[in-house]
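Numbering (our numbering), first residue to last: 1 to 106.
Even glycine gets a Cβ: it sits at the ideal position worked out from N, Cα and C.
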């Protein structure tokens, strides 16, 4: 039976269109361990592991552990943007930085 932590991890993972394998890779864990977190009552992951999971899902540890309040969508959008940005070639990154400089020229 999943825990509230497991339910939130699964919900956010699906929302981000991540597979269990993709999330496990980002967190540095096995696919089976991530499946257990989502689907079983397992011992709470370490603080370090929770931080890695939260970062990979674009949220906070507090939210994963059942904290009140909504997760900030803006934060999730930023995480997705930077994930895509990291995959770009250097010349494309440089063009984007120049575009940002132009837009930020207040």
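Practice item. Please report the residue range of the alpha helix (DSSP H) in which residue 98 lies. Key: Along the chain shown, read from residue 1 onward, the residue named residue 98 stands at position 98. Start and end: 90 to 103.
Point to revise | Cα-Cα separation between residue 102 and residue 87, rounded to whole angstroms | key: Counting from one through the chain shown, the residue named residue 102 turns up at place 102. Counting from one through the chain shown, the residue named residue 87 turns up at place 87. When rounded, the distance between both Cα atoms is 23 Å.
Practice item. Go to residue 32, then tell me how far its alpha helix (DSSP H) extends in each direction, as first and last residue. Key: Locating residue 32 in the chain shown gives position 32, where the first residue counts as 1. It spans 31 to 39 - the alpha helix (DSSP H) in which residue 32 sits, taken as one unbroken run.
Review point. How about residue 27 and residue 56: do their beta carbons lie closer than 8 Å?
Key: The residue you call residue 27 lines up with position 27 of the chain shown. The residue you call residue 56 lines up with position 56 of the chain shown. Contact flag set, yes.
Practice item. Answer yes if the segment 4 to 22 comes into contact with the segment 56 to 67, meaning at least three C-beta pairs across the two stretches below 8 Å, and no otherwise. Key: Taking a contact to require three or more Cβ pairs closer than 8 Å, the segment 56 to 67 and the segment 4 to 22 qualify as touching.
Point to revise | residue 39 to residue 105 span [Cα, whole Å] | key: Your numbering for residue 39 matches position 39 in the chain shown. Your numbering for residue 105 matches position 105 in the chain shown. Roughly 49 Å between the two C-alpha positions.
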